[in-house]
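In our numbering, the protein residues as written are 223 to 714. Here the structure comes first, spelled out in structure tokens, and everything after it is commentary.
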């Protein structure tokens with residue numbers, strides 16, 4: 223049998239580009255920036271079950287064309303261009319796409335039930351873009367378990383957690399972790415945690431499912447233990463009980479013995495007292511713990527920010543170190559949250575009160591109504607008792623890449639170093655020259671501003687918003703955060 227797939231693919235792709243006798247019109251995006259794709263129902267129906275069902279629900283109009291809108295799918299024009307070329311010609315080109323777009327494309331392909339494409343995109347991300355997956359681990363992990371056929375990504379994430387369990391077990395989201403996610407981790411022989419610690423985490427997770435349980439264990443009734451037992455019944459079989467020490471059984475298992483089957487608890491004690499005696503309970507193999515502790519710098523603890531991603535934090539770190547290319551993993555700095563507007567308040571004086579005498583800080587903020595993200599790095603300390611400019615040659619302001627902005631903008635102080643940092647607590651203002659200035663109440667007063675400043679290399683806001691600093695375009699802030707930046711190798 224001879225197969226001429228290349229010629230077939232090319233001919234069908236040409237049909238897409240010159241849609242002779244099309245009978246379906248697909249609208250992607252929102253007006254006025256929408257795009258109409260003229261396609262053929264018989265091709266889409268044979269290649270995509272989603273469109274087969276969709277076309278059955280729609281009747282032809284007077285022009286014998288079925289009109290379909292993709293507004294509810296949140297699929298962009300860029301993504302749909304890739305998808306439709308795959309459907310017609312089996313052609314996939316990902317080289318010019320950002321990793322975030324490829325991940326969104328994976329979600330979109332899953333919505334369209336393109337199983338082959340979904341598998342290919344997962345393999346591509348794991349094999350070629352593992353660094354990006356690690357940098358965006360929280361998002362990737364949470365998303366992957368929303369879809370049952372993201373198995374390749376799920377296995378990748380489980381492998382990361384097995385090596386660096388703190389990323390999951392010490393996260394603020396651990397207690398709300400779905401049961402199937404927890405079980406998939408407990409099953410792993412390579413989970414790098416002592417079994418006693420795993421037991422403690424499982425108990426913690428079970429208690430979180432029943433907030434009415436007494437805090438003090440001495441106050442628990444038998445019914446309380448039955449409640450916890452019911453919550454953990456699917457997880458308990460994956461604990462390696464027979465790898466626990468006598469001390470761990472006495473200190474950690476014994477207080478919760480009522481959540482175990484009586485035969486299992488008897489067998490645990492039997493093995494401790496008479497190791498060679500036969501028991502009926504299943505003995506799971508010990509976990510394969512590494513003899514060497516993995517370097518702390520490789521542990522992927524996600525930045526808990528309402529504004530910036532781990533990837534953006536790496537970018538800021540590379541600017542602090544004046545690197546020509548951004549760090550892609552293993553951030554050399556710890557970002558310690560000092561102030562958050564939604565938590566601590568939006569008055570500038572709040573920043574001075576909390577950050578007084580603290581140096582090496584990064585401020586990031588999200589602009590109300592535009593989603594722009596601005597910020598700055600101050601290597602010298604903020605001073606609530608000082609109303610003056612401060613000198614430094616290492617400060618910078620920035621605007622970060624967002625969905626509405628193609629690239630980040632970095633603006634270092636290059637002149638007028640004596641006026642680099644605007645430290646005026648009595649005037650309720652602080653900032654980086656006139657390049658970025660925060661004034662009064664950031665959320666309600668609408669006095670914040672970005673302007674032209676000869677001391678800094680370039681403006682960080684688009685020309686449409688910029689004027690001379692005497693007449694700046696003012697804005698308010700949706701959220702802001704201040705971080706203390708410390709080298710990780712200096713942490714105590």
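The beta-carbon is built from N, C-alpha and C at its ideal position, and this holds for glycine as well.
- Burial check for residue 489: the Cβ neighbour count within 10 Å reaches 16 or more, so the residue is buried.
- Across the structure, residue 581 and residue 605 are spaced so that their CA atoms are roughly 10 Å apart.
- Apart from sequence neighbours up to five positions away, the residues of its chain that approach residue 622 with a beta-carbon distance below 6 Å are 534, 595 and 630, ordered along the chain.
- The three-state reading of DSSP puts residue 534 in helix, counting H, G and I together.
- CA-to-CA, the gap between residue 313 and residue 659 works out to about 49 Å.
- Excluding residues up to 5 positions away in sequence, 487 lie with their Cβ nearer than 6 Å to the Cβ of residue 479 in the same chain.
- One Cα belongs to residue 537, the other to residue 598, and the distance between them is close to 12 Å.
- Rounded to whole angstroms, the Cβ separation of residue 528 and residue 703 is 7 Å, and the two are in contact under 8 Å.
- Looking at the backbone, the Cα of residue 261 and that of residue 364 are separated by about 35 Å.
- Here the alpha carbons of residue 427 and residue 418 stand approximately 14 Å from one another.
- Shown here, residue 590 sits in coil according to DSSP, grouped into three states, outside any helix or strand.
- Residue environment analysis places residue 701 among the buried positions, since at least 16 neighbouring C-beta atoms fall within 10 angstroms of its C-beta.
- If you check the CB distance, residue 654 and residue 632 do not come in under 8 Å.
- Looking at the DSSP output, residue 496 sits in no beta bridge, so it has no partner there.
- Straight-line spacing of the CA atoms in residue 585 and residue 296 works out to 32 Å.
- Beta-bridge annotation (DSSP): residue 604 is paired with 578.
- Sequence-distant partners of residue 645 (beyond 5 residues in either direction) whose C-beta falls short of 8 Å from its own C-beta, in its chain, are 604, 605, 608, 609, 610, 611, 612 and 652.
- With contact defined as three or more Cβ pairs closer than 8 Å, the stretch 492–508 and the stretch 669–678 are not in contact.
- Between the alpha carbons of residue 358 and residue 351 lies a distance of about 11 Å.
- With respect to the C-alpha of residue 671, the residue from 615, 590 and 636 having the closest C-alpha is 590.
- A distance below 8 Å separates the beta carbons of residue 356 and residue 382.
- Only buried fits residue 683, as 16 or more other CB atoms lie within 10 angstroms of its CB.
- Using a Cβ-Cβ distance cut-off of 8 Å, the stretch 565–579 and the stretch 387–398 are not in contact, since fewer than three pairs of beta carbons, one from each stretch, lie closer than that value.
- Checking the DSSP bridge columns, you'll see residue 257 partnered with 250.
- Here residue 304 is actually not in contact with residue 334; their C-beta atoms are around 11 Å apart, not less than 8 Å.
- The beta carbon of residue 408 sits closer than 8 Å to those of 420, 424, 457, 460 and 461, all from its chain and outside the five residues before and after it, given in chain order.
- The distance from the Cβ of residue 346 to that of residue 316 is about 6 Å, consistent with a contact at the 8 Å cut-off.
- Judged by beta-carbon spacing, residue 615 lies within the 8 Å limit of residue 635, meaning their Cβ atoms are closer than that value.
- Under the DSSP assignment, residue 643 falls in the beta strand (DSSP E) whose first and last residues are 643–646.
- For residue 379, the uninterrupted alpha helix (DSSP H) run begins and ends at 373–385, by DSSP.
- Shortest Cα-Cα distance from residue 290 to any of 300, 278 and 301 involves 278.
- Cβ atoms of residue 371 and residue 337 come within 8 Å of each other, at about 7 Å.
- Taking each of 465, 564, 301 and 705 in turn and checking the Cα distance to residue 577, the smallest one comes out for 705.
- Residue 511 is classed as exposed because its beta carbon has fewer than 16 other beta carbons within 10 Å across all chains shown.
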